[in-house]
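Colleague: Position 115 (the sequence shown) corresponds to 114 in numbering that gives the first Met the number 0; numbering is contiguous.
For glycine and all other residues, C-beta sits at the position ideal for the given N, C-alpha and C.
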Amino acid sequence: MLLIAVVVALALAPLWHFRPTPRQRAQASLRERAALAGLYVEFRDLPLPRARRERLPASERQVLYYGLRLPTSRGAPRRPRAWWREGDGWRVSEGRAPPPGAVASLPAWALAVGIDEGSCGVYWQEVAGPEAVDAIADALKAWRNEEAGSPRTVVP
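#1: Could you spell out the range, first to last residue, of the beta strand (DSSP E) harbouring Ala111?
#2: Looking only at its own chain, which residues have a Cβ that is under 6 Å from the Cβ of Arg30, when we skip the five neighbours before and after it?
#3: Which value, in whole angstroms, describes the spacing of the CA atoms of Gly117 and Gly94?
#4: Give, in chain order, every unbroken run of the beta strand (DSSP E) that is at least 3 residues long and sits entirely within the stretch 32 to 56.
#5: Going by beta carbon distance, what residues of the same chain come within less than 6 Å of Ala101, once the five residues before and after it are set aside?
#6: Between Val5 and Ala12, what straight-line distance do the alpha-carbon atoms span, to the nearest angstrom?
#7: At which residues does the alpha helix (DSSP H) containing Val126 begin and terminate?
#8: When the Cα of Arg119 is compared with those of Pro106, Ala127, Arg84, Thr71, which residue comes out closest?
#9: Which residue wins for smallest C-alpha separation from Trp108, given the options Gly66, Val126, Leu2, Pro98?
#10: Around the C-beta of Ile114, are 16 or more other C-beta atoms found within 10 angstroms, so that it is buried, or is it exposed?
#11: According to the neighbour-count rule (16 or more other Cβ atoms, all chains shown, within 10 Å of its Cβ), is Gly66 buried or exposed?
#12: Do you know whose CA, among Leu55, Pro76, Leu45, lies nearest Leu84's CA?
#13: What whole-angstrom Cβ distance do Trp123 and Leu110 have, given they're in contact under 8 Å?
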(Lines of atoms letter the chains of each structure in order from A and count residues from 1; the text may use other names and numbers.)
(Lines give C-alpha, C1' and ligand atoms only; values in the text may rest on other atoms or scores of the structure.)
Protein backbone atom coordinates (compact mmCIF):
# COMPACT_ATOMS: atom_id res chain seq x y z
CA MET A 1 0.00 0.00 0.00
CA LEU A 2 2.82 2.36 0.88
CA LEU A 3 4.56 1.49 -2.38
CA ILE A 4 1.44 2.46 -4.37
CA ALA A 5 1.24 5.80 -2.54
CA VAL A 6 4.90 6.52 -3.29
CA VAL A 7 4.46 5.63 -6.98
CA VAL A 8 1.37 7.84 -7.27
CA ALA A 9 3.17 10.70 -5.50
CA LEU A 10 6.13 10.38 -7.86
CA ALA A 11 3.81 10.38 -10.86
CA LEU A 12 1.97 13.49 -9.65
CA ALA A 13 5.02 15.45 -8.48
CA PRO A 14 5.81 17.02 -11.88
CA LEU A 15 2.23 18.28 -12.12
CA TRP A 16 2.66 20.40 -8.97
CA HIS A 17 5.11 22.49 -10.94
CA PHE A 18 2.25 23.74 -13.12
CA ARG A 19 0.04 24.93 -10.26
CA PRO A 20 -0.30 28.72 -10.28
CA THR A 21 1.44 30.64 -7.54
CA PRO A 22 -0.58 32.87 -5.22
CA ARG A 23 0.68 35.90 -7.19
CA GLN A 24 -0.47 34.38 -10.49
CA ARG A 25 -3.90 33.62 -9.00
CA ALA A 26 -4.16 37.22 -7.75
CA GLN A 27 -3.24 38.57 -11.20
CA ALA A 28 -5.82 36.32 -12.87
CA SER A 29 -8.43 37.55 -10.41
CA LEU A 30 -7.60 41.20 -11.17
CA ARG A 31 -7.75 40.60 -14.92
CA GLU A 32 -11.05 38.75 -14.64
CA ARG A 33 -12.47 41.63 -12.60
CA ALA A 34 -11.24 44.06 -15.28
CA ALA A 35 -12.93 42.04 -18.03
CA LEU A 36 -16.19 41.96 -16.08
CA ALA A 37 -15.95 45.76 -15.74
CA GLY A 38 -15.64 46.10 -19.54
CA LEU A 39 -11.88 46.66 -19.69
CA TYR A 40 -9.27 44.84 -21.70
CA VAL A 41 -5.72 44.11 -20.56
CA GLU A 42 -2.51 44.08 -22.58
CA PHE A 43 1.21 44.64 -22.13
CA ARG A 44 2.50 47.98 -23.40
CA ASP A 45 5.56 50.15 -23.03
CA LEU A 46 5.13 53.15 -20.76
CA PRO A 47 4.27 56.23 -22.84
CA LEU A 48 7.49 58.07 -22.00
CA PRO A 49 9.71 60.09 -24.34
CA ARG A 50 11.70 57.70 -26.49
CA ALA A 51 15.15 58.51 -25.05
CA ARG A 52 13.93 58.00 -21.49
CA ARG A 53 11.97 54.84 -22.35
CA GLU A 54 14.99 53.23 -24.04
CA ARG A 55 17.10 53.71 -20.90
CA LEU A 56 14.67 51.68 -18.79
CA PRO A 57 15.05 47.91 -18.50
CA ALA A 58 12.22 45.94 -20.07
CA SER A 59 10.92 44.92 -16.62
CA GLU A 60 10.23 48.59 -15.80
CA ARG A 61 9.29 49.76 -19.30
CA GLN A 62 6.74 47.09 -20.13
CA VAL A 63 3.70 47.31 -17.88
CA LEU A 64 0.05 46.39 -18.02
CA TYR A 65 -2.44 48.61 -19.79
CA TYR A 66 -6.02 48.39 -18.53
CA GLY A 67 -7.96 50.00 -21.35
CA LEU A 68 -11.52 50.94 -22.17
CA ARG A 69 -12.54 50.99 -25.82
CA LEU A 70 -13.86 54.29 -27.11
CA PRO A 71 -16.44 54.86 -29.81
CA THR A 72 -15.02 56.21 -33.07
CA SER A 73 -14.70 59.97 -32.88
CA ARG A 74 -16.91 62.03 -35.11
CA GLY A 75 -15.17 64.59 -37.28
CA ALA A 76 -11.49 65.09 -36.50
CA PRO A 77 -9.69 62.04 -35.14
CA ARG A 78 -8.88 61.97 -31.44
CA ARG A 79 -5.41 63.31 -30.72
CA PRO A 80 -3.26 60.73 -28.90
CA ARG A 81 -2.08 62.03 -25.55
CA ALA A 82 -0.30 60.51 -22.59
CA TRP A 83 0.54 61.59 -19.08
CA TRP A 84 3.00 59.89 -16.75
CA ARG A 85 3.85 60.38 -13.11
CA GLU A 86 6.92 62.36 -12.27
CA GLY A 87 7.46 63.16 -8.63
CA ASP A 88 4.16 64.25 -7.13
CA GLY A 89 2.69 65.42 -10.43
CA TRP A 90 1.94 64.49 -14.01
CA ARG A 91 3.96 65.20 -17.16
CA VAL A 92 2.19 65.35 -20.50
CA SER A 93 3.49 64.06 -23.83
CA GLU A 94 2.65 67.31 -25.59
CA GLY A 95 1.18 70.61 -24.52
CA ARG A 96 0.48 71.57 -20.94
CA ALA A 97 -2.98 70.20 -20.27
CA PRO A 98 -3.35 68.22 -17.06
CA PRO A 99 -4.88 64.74 -17.25
CA PRO A 100 -8.64 64.60 -16.86
CA GLY A 101 -9.74 64.78 -13.23
CA ALA A 102 -11.12 61.27 -13.18
CA VAL A 103 -7.76 59.67 -13.91
CA ALA A 104 -5.56 62.38 -12.35
CA SER A 105 -6.95 61.47 -8.93
CA LEU A 106 -5.88 57.81 -9.16
CA PRO A 107 -3.28 56.82 -6.52
CA ALA A 108 0.45 56.50 -7.20
CA TRP A 109 0.13 52.92 -8.46
CA ALA A 110 -1.20 54.44 -11.72
CA LEU A 111 2.12 55.01 -13.50
CA ALA A 112 0.66 56.68 -16.59
CA VAL A 113 -2.60 57.30 -18.44
CA GLY A 114 -3.20 57.66 -22.14
CA ILE A 115 -5.80 58.10 -24.81
CA ASP A 116 -5.81 57.42 -28.54
CA GLU A 117 -8.42 56.91 -31.24
CA GLY A 118 -9.42 53.49 -29.98
CA SER A 119 -9.12 53.56 -26.20
CA CYS A 120 -8.26 55.32 -22.99
CA GLY A 121 -6.37 53.50 -20.28
CA VAL A 122 -4.17 53.26 -17.25
CA TYR A 123 -0.63 51.86 -17.17
CA TRP A 124 0.24 50.03 -13.96
CA GLN A 125 1.94 46.94 -12.54
CA GLU A 126 -0.97 45.31 -10.69
CA VAL A 127 0.46 46.20 -7.29
CA ALA A 128 -2.89 46.95 -5.64
CA GLY A 129 -5.95 44.85 -4.95
CA PRO A 130 -9.39 44.49 -6.55
CA GLU A 131 -10.45 47.94 -5.35
CA ALA A 132 -7.81 49.36 -7.72
CA VAL A 133 -9.48 47.67 -10.71
CA ASP A 134 -12.82 49.18 -9.65
CA ALA A 135 -11.20 52.63 -9.36
CA ILE A 136 -9.60 52.25 -12.80
CA ALA A 137 -12.90 51.17 -14.37
CA ASP A 138 -14.80 54.08 -12.79
CA ALA A 139 -12.14 56.62 -13.81
CA LEU A 140 -11.96 55.35 -17.39
CA LYS A 141 -15.75 55.36 -17.79
CA ALA A 142 -15.86 58.94 -16.52
CA TRP A 143 -13.07 59.85 -18.97
CA ARG A 144 -14.92 58.16 -21.83
CA ASN A 145 -18.07 60.13 -20.98
CA GLU A 146 -16.03 63.34 -20.82
CA GLU A 147 -14.54 62.57 -24.25
CA ALA A 148 -18.05 61.93 -25.58
CA GLY A 149 -18.73 65.58 -24.84
CA SER A 150 -21.21 65.38 -22.01
CA PRO A 151 -20.15 64.42 -18.50
CA ARG A 152 -23.82 63.75 -17.69
CA THR A 153 -24.20 61.18 -20.46
CA VAL A 154 -23.44 57.75 -19.08
CA VAL A 155 -22.23 55.22 -21.62
CA PRO A 156 -22.60 51.69 -20.24
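Modeller: So, to answer that:
#1: What you label residue 111 is simply residue 112 of the sequence shown in a count that begins at 1. Secondary structure note for Ala111: its beta strand (DSSP E) is the uninterrupted segment 111 to 114.
#2: Position 31 of the sequence shown, counting from 1, holds the residue named residue 30. Here the set comprises Val40.
#3: Here residue 117 corresponds to residue number 118 of the sequence shown, with the count starting at 1. Here residue 94 corresponds to residue number 95 of the sequence shown, with the count starting at 1. Their Cα atoms are separated by approximately 21 Å.
#4: Correct list: 39 to 44.
#5: Taking the sequence shown and counting its residues from 1, one reaches residue 101 at position 102. The answer, listed in chain order, is Ala138, Ala141, Trp142.
#6: If you number the sequence shown from 1, residue 5 lands on position 6. If you number the sequence shown from 1, residue 12 lands on position 13. Cα-Cα distance, rounded: 10 Å.
#7: To locate residue 126, count along the sequence shown from 1; it is residue 127. Unbroken run through Val126: none, as it is neither H nor E.
#8: In the sequence shown, counting from the first residue as 1, residue 119 sits at position 120. According to the sequence provided, residue 119 is Cys. The question's Arg does not apply to it. With respect to the C-alpha of Cys119, the residue from Pro106, Ala127, Arg84, Thr71 having the closest C-alpha is Thr71.
#9: One-based indexing of the sequence shown puts residue 108 at position 109. Taking Trp108 as reference, the option from Gly66, Val126, Leu2, Pro98 with the minimal CA-CA separation is Val126.
#10: Counting from one through the sequence shown, the residue named residue 114 turns up at place 115. Burial of Ile114 is indicated by the presence of at least 16 other C-beta atoms within 10 angstroms of its C-beta.
#11: Within the sequence shown, residue 66 is the residue found at index 67, counting from 1. It counts as buried.
#12: By one-based count along the sequence shown, residue 84 stands at place 85. Correcting the residue identity first, residue 84 is Arg in this sequence and not Leu. Comparing C-alpha distances from Arg84 to each of Leu55, Pro76, Leu45 shows the shortest one belongs to Leu45.
#13: By 1-based counting over the sequence shown, the position of residue 123 is 124. By 1-based counting over the sequence shown, the position of residue 110 is 111. At roughly 6 Å, the Cβ-Cβ gap stays under 8 Å, so Trp123 and Leu110 are in contact.
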